[in-house]
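>
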Amino acid sequence: MALITGCSAAVDLADATSADLSGLGDKALHERVSRAVDGVRYVRISDVRDNTTSARTDVHLDMKTGDFTTSGQAASYTIEMINVGGELYVKASRTYWQRRLGPERADLVAALDGRYGHAAADDPVRTKMAALAKAVSPRKFVNELTEADRREDTYVDGRRMVVLAESEADDAARVYIPTDGPALPFRAISNDAASDDGAITLTWTEYDRPVEIKAPARDLVVELPNLGKAPGPTL
């Protein structure tokens, strides 16, 4: 598996904790959330999916380096990705590679069985996947909260949450932050129709649980030609 997690948190977030975030004003709430997110390095982004497909992706992200691992599941295949220092490695089922590469590249499909494909240096997928990883980072959402509208508190998984929305529209993207404990975002939901506009659902957990992200062993890597677009399911 590409995902290798540590066993303990790395930092103390007590200074970012409030007895009840729902009692804070908007400015104080944003400052508390910003401080909490700035105090962590690692995060797991789970149940990532766009609103137009059934594909789901699980991400472990190092917010300091931008390195990440992903594990995705679509209807007919699985896919894993490792990004280290801008180098992208993709491991997928034979079904995926057969559809992606076509019958004329049967030899390459066979070589990729049980191995990672290394994205070509000129393949735009490298830049695209790095940008998508940043797009699901809690820091991106926190940076957008200064223009957010406060909504009525609600409960998610039995925990009371402060709710912030991007606009007054009923279908606006929402961010949910537990009112107790470190002021770290828990969930984001967007009901936009187009996935290109950021229509995603995701959950943030395992804040600052160390994650080892490293390239696969050289004998498990197969060089890929420029494939021209991101493998799926996407982030």
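Using my numbering, the letters of the sequence shown map in sequence onto residues 94 to 328. The beta-carbon is built from N, C-alpha and C at its ideal position, and this holds for glycine as well.
#1: So is asparagine 236 buried or exposed if we call it buried at 16+ other beta carbons inside 10 Å?
#2: Per DSSP, which one or two residues make a beta bridge with serine 139?
#3: Roughly how many whole angstroms lie between the Cα atoms of arginine 244 and glutamate 180?
#4: Over what stretch of residues does the beta strand (DSSP E) that includes aspartate 155 continue unbroken?
#5: Would you check if the distance between the CB atom of arginine 138 and the CB atom of valine 229 is smaller than 8 Å?
#6: Determine whether the beta carbon atoms of threonine 294 and aspartate 140 lie at a separation below 8 Å.
#7: Exposed or buried, what is threonine 359 when buried is set at 16 or more other beta-carbons lying within 10 Å of its beta-carbon?
#8: Counting C-beta neighbours from all protein chains within 10 Å, is the total for tyrosine 248 16 or more, i.e. buried, or is it exposed?
#9: Could you check if serine 169 is buried or exposed, using at least 16 other CB atoms within 10 Å of its CB as the buried criterion?
#10: Can you list, in chain order, the residues of its chain with a C-beta nearer than 7 Å to that of glutamate 316? Leave out the 5 residues immediately preceding and following it.
#11: Quick check: the Cα distance between leucine 154 and phenylalanine 279, rounded to an integer number of angstroms?
#12: Near threonine 296, which residues of its chain fall below 6 Å by C-beta distance, leaving aside the five closest residues on each side in sequence?
#13: Name the residue from Glu305, Asp312 and Tyr189 whose alpha carbon lies nearest to the alpha carbon of isoleucine 175.
#14: With distance defined between alpha-carbon atoms, name the residue in Pro217, Met222, Leu277 and Glu240 nearest to lysine 120.
#15: Give a yes or no on whether the C-beta atoms belonging to glycine 266 and alanine 276 are separated by under 8 Å.
#16: Scan the region 157 to 185 and note each continuous beta strand (DSSP E) run of 3 residues or more that stays entirely inside, going in chain order.
#17: Distance, Cα to Cα, leucine 201 vs arginine 253?
#18: State the Cα-Cα distance for the pair leucine 194 and alanine 214, rounded to the nearest angstrom.
#19: Please name the residue in Arg187, Arg198 and His123 whose C-alpha comes closest to that of aspartate 206.
#20: Could you tell me the alpha carbon to alpha carbon distance between glycine 178 and threonine 298, rounded to whole angstroms?
#21: Sort out for me which residues DSSP pairs methionine 222 with in a bridge.
#22: Can you tell me which of Ile172, Arg302 and Val136 puts its alpha carbon nearest to the alpha carbon of glycine 149?
#23: Alanine 286 by DSSP, collapsed to three states: which one?
In brief:
#1: exposed
#2: Thr296
#3: 41 Å
#4: 149 to 155
#5: It should be noted that the sequence gives isoleucine, not arginine, for residue 138. In this structure, valine 229 lies closer than 8 Å to isoleucine 138 by Cβ.
#6: yes
#7: Not covered by the structure: residue 359. The range shown for the chain is 94 to 328.
#8: exposed
#9: exposed
#10: His211
#11: 15 Å
#12: Ser139, Asp140 and Arg280
#13: Glu305
#14: Glu240
#15: The identity of residue 266 in the sequence shown is alanine, whereas the question assumes glycine. It is not a contact, given that the beta carbons lie outside the stated cut-off.
#16: 161 to 166, 171 to 177 and 180 to 185
#17: 51 Å
#18: 18 Å
#19: Arg187
#20: 24 Å
#21: Its beta-bridge partners do not exist; DSSP assigns none.
#22: Going by the sequence as given, residue 149 is arginine instead of glycine. Cα-wise, what sits closest to arginine 149 is Ile172.
#23: At alanine 286 the pLDDT is 40, less than 50, meaning the model places this residue with poor confidence and gives no usable figure here.
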